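Student: Please find one structure pasted underneath; my questions will follow.
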Amino acid sequence: MGNDKDYIATRAAYKLNLHGPALSVQTACSSSLVAVHLACESLRAGESDMAVAGGVALSFPQQAGYRYQPGMIFSPDGHCRPFDASAEGTWAGNGLGCVVLRRLRDALLSGDPIISVILSSAVNNDGNRKVGYTAPSVAGQQAVIEEALMLAAIDDRQVGYIETHGTGTPLGDAIEIEALRNVYAPRPQDQRCALGSVKSNMGHLDTAAGIAGLLKTVLAVSRGQIPPLLNFHTPNPALKLEESPFTIPVSAQAWQDEMRYAGVSSFGIGGTNCHMIVASLPDALNARLPNTDSGRKSTALLLSAASDSALRRLATDYAGALRENADASSLAFTALHARRLDLPFRLAAPLNRETAEALSAWASEKSGALVYSGHGASGKQVWLFTGQGSHWRTMGQTMYQHSTAFADTLDRCFSACSEMLTPSLREAMFNPDSAQLDNMAWAQPAIVAFEIAMAAHWRAEGLKPDFAIGHSVGEFAAAVVCGHYTIEQVMPLVCRRGALMQQCASGAMVAVFADEDTLMPLARQFELDLAANNGTQHTVFSGRKPVSRYFAPRSRSMTLTIVA
1 MGNDKDYIAT RAAYKLNLHG PALSVQTACS SSLVAVHLAC ESLRAGESDM
51 AVAGGVALSF PQQAGYRYQP GMIFSPDGHC RPFDASAEGT WAGNGLGCVV
101 LRRLRDALLS GDPIISVILS SAVNNDGNRK VGYTAPSVAG QQAVIEEALM
151 LAAIDDRQVG YIETHGTGTP LGDAIEIEAL RNVYAPRPQD QRCALGSVKS
201 NMGHLDTAAG IAGLLKTVLA VSRGQIPPLL NFHTPNPALK LEESPFTIPV
251 SAQAWQDEMR YAGVSSFGIG GTNCHMIVAS LPDALNARLP NTDSGRKSTA
301 LLLSAASDSA LRRLATDYAG ALRENADASS LAFTALHARR LDLPFRLAAP
351 LNRETAEALS AWASEKSGAL VYSGHGASGK QVWLFTGQGS HWRTMGQTMY
401 QHSTAFADTL DRCFSACSEM LTPSLREAMF NPDSAQLDNM AWAQPAIVAF
451 EIAMAAHWRA EGLKPDFAIG HSVGEFAAAV VCGHYTIEQV MPLVCRRGAL
501 MQQCASGAMV AVFADEDTLM PLARQFELDL AANNGTQHTV FSGRKPVSRY
551 FAPRSRSMTL TIVA
């Protein structure tokens with residue numbers, strides 16, 4: 001079946017486990033915008049709750065040229081100049097794009113990031129109202145634009161930008177401008193509607209042309225900026241644009257209307273036309289979005305690729321995207337849920353201000369700071385819960401603000417030990433001026449609570465451990481995560497344990513990178529106890545502080561590496 005057009009939608013449904021309508025649309029150049037229209041209709045009818053719609057156009061080899069023929073659709077010099085006096089056609093580009101659609105009400109309730117709103121869409125066919133089967137039709141285009149405006153329930157004078165089909169052919173441009181002129185009323189010179197065509201940037205994407213125009217338009221309305229039309233220098237005099245309600249922007253223009261409306265056209269050979277009206281999200285609704293957090297904000301970027309070089313290229317791409325995209329959490333969430341994470345070469349990086357630079361440095365093999373990479377294996381997943389010494393002031397505060405699963409679980413931990421700690425564990429963890437975490441009575445329950453909450457967060461993100469290991473006090477967290485004990489059973493026990501240990505005489509611990517047999521004679525000499533055997537060459541001893549101070553220099557004299 002390969003890449004046959006009949007299977008692209010159903011293959012996507014199979015890979016993503018989607019259960020709604022999965023269909024391929026074939027209306028030539030307007031295919032992808034018609035696909036978006038059909039997706040909107042499915043949402044309106046209640047047939048779907050979320051839809052992915054778009055299109056793809058790929059030709060092989062991608063760098064191939066074409067034969068220019070006078071009077072045909074292709075440009076003689078490989079440039080597309082819509083509405084320009086020197087317009088002589090377009091060229092075939094490659095590309096793909098898609099949009100994720102939901103009913104506005106549902107998206108607001110879920111706290112989804114909303115780029116823009118599709119107010120209406122309309123589809124029709126020219127029939128035989130044109131000079132030939134492959135020719136465009138003034139009547140057909142005019143009718144579909146009028147229907148879309150009527151369904152959107154807005155006045156044409158409210159529309160500030162139209163993304164035209166704009167092929168840059170003398171016939172196509174003339175017919176499209178005439179159809180628009182028949183719909184749009186005259187306007188004052190300073191209120192004219194801007195026209196654009198993404199074909200001037202990337203050529204004609206055939207079946208993906210409509211989605212390319214839609215993506216450009218939703219970015220324009222959401223960012224409040226009208227993009228310029230590339231390759232436009234002198235208006236085509238035959239179009240008489242100076243007498244129309246339209247203008248061609250030659251540089252980016254600020255779009256400061258409180259509500260921004262735009263139209264998108266896509267017309268297919270054979271006469272199937274589609275027009276869509278999109279709008280910016282009203283400020284009143286936009287202001288509500290931060291208060292509808294769905295708890296799905298990601299705090300780490302996870303990537304995988306088939307090779308080391310591919311992973312480094314991917315890291316470079318995400319570094320660039322992070323520099324351009326203020327919503328890093330959404331970018332990471334997309335990487336987690338929309339990309340394959342089971343490829344053998346893998347990377348993880350925490351999200352903060354340094355992530356973009358860290359990814360770039362790692363990709364160029366200059367530094368590995370902040371970036372954790374490795375080669376995936378087919379083994380099982382193990383979660384390790386660390387012991388005392390892994391805490392810090394304000395630990396968990398950022399996660400508490402961004403992860404619902406983390407916050408809910410941490411609140412349970414706070415409640416479970418509320419009667420045993422004064423000041424409260426919340427105060428000890430979140431107050432940057434509190435010194436309570438220097439005391440084991442608070443530090444130990446803080447570590448356990450944080451680890452249990454982090455486990456809840458990762459479970460909510462779709463991860464699940466096959467095994468759990470705890471080191472020292474981390475064993476309590478591991479026991480809860482594995483289901484052996486509840487939070488309400490463990491947290492009071494950890495509070496009591498920490499309080500008792502705080503009452504013990506002060507001591508010290510020394511980690512030495514050597515085996516137990518080599519170190520035990522020396523440990524007995526200084527009356528130290530074996531605290532942990534972390535590995536064949538990693539041993540930890542504990543004892544009274546003065547004694548451990550003598551032990552460390554003696555170990556160094558034996559050329560042993562220690563961490564005091």
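Position one of the sequence shown corresponds to residue 1 (full-length UniProt numbering), numbered consecutively onward. Note that CB positions come from ideal geometry on N, CA and C, so glycine has one too. Predicted model only: the values in this text are computed from it and were never measured.
Looking only at its own chain, which residues have a Cβ that is under 6 Å from the Cβ of Q525, when we skip the five neighbours before and after it?
Tutor: Within the sequence shown, residue 525 is the residue found at index 525, counting from 1. Closer than 6 Å at the Cβ level, and outside the excluded window around Q525, lies no residue.
Student: Is the region 250-259 close to the region 226-233, with three or more CB pairs under 8 Å?
Tutor: Yes, since at least three Cβ pairs between the region 250-259 and the region 226-233 fall closer than 8 Å, the two stretches touch.
Student: Let's see if you can read the secondary structure: which residues bound the alpha helix (DSSP H) around F430?
Tutor: Sequence index remark: in the sequence shown, residue 430 carries index 430 (1-based). That run of the alpha helix (DSSP H) goes L425 to F430.
Student: Looking at Q444 and V494, is the spacing between their C-beta atoms short of 8 Å?
Tutor: By one-based count along the sequence shown, residue 494 stands at place 494. By one-based count along the sequence shown, residue 444 stands at place 444. Yes, the pair counts as a contact, with Cβ atoms nearer than the cut-off.
Student: So, at 7 Å on beta carbons, what are the nonlocal neighbours of M420 in its own chain, with the 5 sequence-adjacent residues on each side left out?
Tutor: Residue 420 sits at position 420 when you count from the first residue of the sequence shown. Here the set comprises P492 and C495.
Student: I need the DSSP call for R346, collapsed to helix, strand or coil.
Tutor: Counting from 1 along the sequence shown, the entry for residue 346 is found at position 346. Correct three-state label for R346: strand.
Student: Looking at the unbroken alpha helix (DSSP H) that takes in F406, where does it start and where does it end?
Tutor: Counting from 1 along the sequence shown, the entry for residue 406 is found at position 406. F406 -> alpha helix (DSSP H) spans T404 to A416.
Student: Going by DSSP, name the residue or residues bridged to I248.
Tutor: Sequence index remark: in the sequence shown, residue 248 carries index 248 (1-based). Answer is none; I248 lacks a bridge partner.
Student: Taking C-alpha atoms, which residue in G78, G379 and A349 lies nearest to A369?
Tutor: By one-based count along the sequence shown, residue 369 stands at place 369. If we check each option's Cα against that of A369, A349 comes out closest.
Student: Under 8 Å by Cβ, that's how I've got A107 and I118 pegged, so tell me the actual separation to the nearest angstrom.
Tutor: As a position in the sequence shown, residue 107 is number 107, starting the count at 1. As a position in the sequence shown, residue 118 is number 118, starting the count at 1. In fact, because the Cβ distance is near 12 Å, the residues do not count as touching under 8 Å.
Student: Measuring straight from C-alpha to C-alpha, what distance separates A179 and L104?
Tutor: By 1-based counting over the sequence shown, the position of residue 179 is 179. By 1-based counting over the sequence shown, the position of residue 104 is 104. Approximately 31 Å between the Cα atoms of the pair.
Student: In whole angstroms, what separates the C-alpha of Y372 from that of L347?
Tutor: On the sequence shown, position 372 is the one that residue 372 refers to. On the sequence shown, position 347 is the one that residue 347 refers to. Roughly 6 Å between the two C-alpha positions.
Student: Under DSSP, the alpha helix (DSSP H) around G20 begins and ends at which residues?
Tutor: The count along the sequence shown starts at 1 and reaches residue 20 at position 20. It is not in any alpha helix (DSSP H) - G20 carries neither H nor E in the DSSP assignment.
Student: Going straight from the alpha carbon of G389 to that of F476, what length do you get?
Tutor: Residue 389 sits at position 389 when you count from the first residue of the sequence shown. Residue 476 sits at position 476 when you count from the first residue of the sequence shown. Taking the straight line from one Cα to the other gives about 15 Å.
Student: Just curious, the beta strand (DSSP E) that L101 is in, first and last residue?
Tutor: By one-based count along the sequence shown, residue 101 stands at place 101. G95 to R102 is the extent of the beta strand (DSSP E) around L101.
Student: Taking only three categories from DSSP, how would you classify I226?
Tutor: Working through the sequence shown from its first residue, we reach residue 226 at position 226. The answer is strand: DSSP assigns I226 an E or B state.
Student: Kindly list the residues whose CB is nearer than 7 Å to the CB of Y261, restricted to its own chain and excluding five residues on each side of it in sequence; keep chain order.
Tutor: The residue given as residue 261 occupies position 261 in the sequence shown. Same-chain partners within the cutoff: I154, Q158, V159, G160, I277 and A279.
Student: Measuring only the C-alpha atoms, how far is F541 from N534?
Tutor: Start at 1 with the first residue of the sequence shown, and residue 541 comes out as number 541. Start at 1 with the first residue of the sequence shown, and residue 534 comes out as number 534. Computed Cα separation, rounded: 11 Å.
Student: Considering only residues of the same chain and omitting the five flanking positions on each side of residue 571, which have a CB-CB separation below 6 Å?
Tutor: What the structure shows of the chain is the stretch from 1 to 564, and residue 571 is not part of that stretch, so it cannot be assessed.
Student: Helix, strand or coil for A9 per DSSP?
Tutor: Working through the sequence shown from its first residue, we reach residue 9 at position 9. The answer is helix: DSSP assigns A9 an H, G or I state.
Student: Leaving out the 5 sequence neighbours to the left and right, which residues in its chain are closer than 7 Å to A478 when beta-carbon positions are compared?
Tutor: Numbered from its first residue, the sequence shown carries residue 478 at position 478. Only F385, A468, I469 and G470 meet the Cβ criterion.
Student: Per the contact definition of three or more C-beta pairs closer than 8 Å, is the region 187-205 in contact with the region 86-98?
Tutor: Short answer: they touch.
Student: I'd like the list of long-range same chain contacts for residue 568, defined as Cβ closer than 8 Å, with 5 residues on each side in sequence excluded.
Tutor: Nothing can be reported for residue 568: it is not among the residues displayed for the chain, which extend from 1 to 564.
Student: So, under 8 Å CB-CB, D156 and A135 are touching, yes? Tell me the CB distance rounded to an integer number of Å.
Tutor: Position 156 of the sequence shown, counted from the start, is the residue given in the question as residue 156. Position 135 of the sequence shown, counted from the start, is the residue given in the question as residue 135. At roughly 26 Å, the Cβ-Cβ gap does not stay under 8 Å, so D156 and A135 are not in contact.
Student: Give the straight-line distance between the Cα atoms of V490 and G498, rounded to the nearest whole angstrom.
Tutor: Position 490 of the sequence shown, counted from the first residue, corresponds to residue 490. Position 498 of the sequence shown, counted from the first residue, corresponds to residue 498. If I take the Cα positions, the gap works out to 12 Å.
Student: Comparing C-alpha positions only, which one of K380, M429, E88 and E451 sits nearest to M72?
Tutor: Position 72 of the sequence shown holds residue 72. Ranking K380, M429, E88 and E451 by Cα distance to M72 puts E88 first.
Student: Between the alpha carbons of Q26 and V264, how many angstroms are there, rounded?
Tutor: As a first step, residue 26 is located in the sequence shown; it is residue number 26 there, counting from the start. As a first step, residue 264 is located in the sequence shown; it is residue number 264 there, counting from the start. About 19 Å.
Student: Starting from the Cα of C504, find the closest Cα among G543, T536, M520 and A523 and give me that residue.
Tutor: Here residue 504 is taken as the residue at index 504 of the sequence shown, counted from 1. It is G543 whose Cα lies nearest to the Cα of C504.
Student: S266 to E147, Cα distance in whole Å?
Tutor: In the sequence shown, residue 266 corresponds to position 266, counting from 1. In the sequence shown, residue 147 corresponds to position 147, counting from 1. Going by the C-alpha atoms only, they are around 14 Å apart.
Student: Please report the Cβ distance between M395 and A446, rounded to the nearest whole angstrom; I am assuming they are in contact, meaning their Cβ atoms lie under 8 Å.
Tutor: Working through the sequence shown from its first residue, we reach residue 395 at position 395. Working through the sequence shown from its first residue, we reach residue 446 at position 446. With 8 Å as the limit, M395 and A446 qualify as a contact, their Cβ atoms being about 6 Å apart.
Student: What is the rounded straight-line gap between the Cα of Q69 and the Cα of P76?
Tutor: Reading the sequence shown from its first residue, position 69 is the one you call residue 69. Reading the sequence shown from its first residue, position 76 is the one you call residue 76. Rounded to whole angstroms, Q69 to P76 spans 8 Å at the Cα level.
Student: Relative to the C-alpha of I269, which candidate in G210, S197 and F414 has its C-alpha closest?
Tutor: Taking the first residue of the sequence shown as 1, we reach residue 269 at position 269. The residue with the shortest Cα to Cα distance from I269 is G210.
Student: My output table needs one value for F385: the three-state DSSP class, helix, strand or coil.
Tutor: Translated into the one-based positions of the sequence shown, residue 385 becomes position 385. Strand.
Student: Using the Cα positions of S110 and M399, report the straight-line distance between them to the nearest angstrom.
Tutor: In the sequence shown, the residue the question calls residue 110 occupies position 110. In the sequence shown, the residue the question calls residue 399 occupies position 399. About 19 Å.
Student: Using alpha carbons as the reference points, say which of A363, P521, T486 and S360 lies closest to V448.
Tutor: Position 448 of the sequence shown, counted from the first residue, corresponds to residue 448. If we check each option's Cα against that of V448, T486 comes out closest.
Student: Please classify E44 as buried or exposed, where buried requires at least 16 neighbouring CB atoms within 10 angstroms.
Tutor: Against the sequence shown, residue 44 aligns to sequence position 44. The amino acid occupying residue 44 in the given sequence is Arg; Glu does not appear at that position. Classification for R44: exposed.
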